[in-house]
């Protein structure tokens with residue numbers, strides 16, 4: 003008998019337009035973040051306590 007994870011019972015709750023699986027690039031989180039900082043530097047990366055920080059700002063802060 004398969005374990006509950008392999009049965010994936012949560013999939014029956016997905017809307018029909020939601021894919022049941024996703025493909026992810028074989029990149030580190032750091033690589034993905036740096037690409038986002040280059041492609042969309044002014045887009046908000048994180049909202050916290052009512053304040054947004056852009057990818058550019060977060061990149062600058064993370065390189066201190």
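Residue numbers (our numbering): 3 to 66. Glycine included, every Cβ here is placed at the ideal spot set by N, Cα and C. As the structure is a prediction and not an experimental result, all values here were calculated from the model.
Can you list, in chain order, the residues of its chain whose CB lies under 8 angstroms from that of residue 27, leaving out five sequence neighbours each side?
Sequence index remark: in the chain shown, residue 27 carries index 25 (1-based). Here the set comprises 34.
Going by DSSP, what residue range makes up the beta strand (DSSP E) through residue 16?
Taking the chain shown and counting its residues from 1, one reaches residue 16 at position 14. Taken as a continuous stretch (DSSP letters only), residue 16 belongs to no beta strand (DSSP E), as it is neither H nor E.
Determine the closest residue to residue 57 out of 64, 66, 46 and 14, with distance taken between C-alpha atoms.
Within the chain shown, residue 57 is the residue found at index 55, counting from 1. With distances taken between Cα atoms, residue 57 lies closest to 46.
Are the CB atoms of residue 22 and residue 16 within a distance shorter than 8 angstroms?
The residue given as residue 16 occupies position 14 in the chain shown. The residue given as residue 22 occupies position 20 in the chain shown. Going by C-beta atoms, residue 16 is nearer than 8 angstroms to residue 22.
If you drop the 5 nearest sequence neighbours on each side, which residues of the same chain put their C-beta closer than 8 angstroms to that of residue 42?
Taking the first residue of the chain shown as position 1, residue 42 is located at position 40. For residue 42, where only same-chain residues beyond five positions count, the Cβ hits under 8 angstroms are 57.
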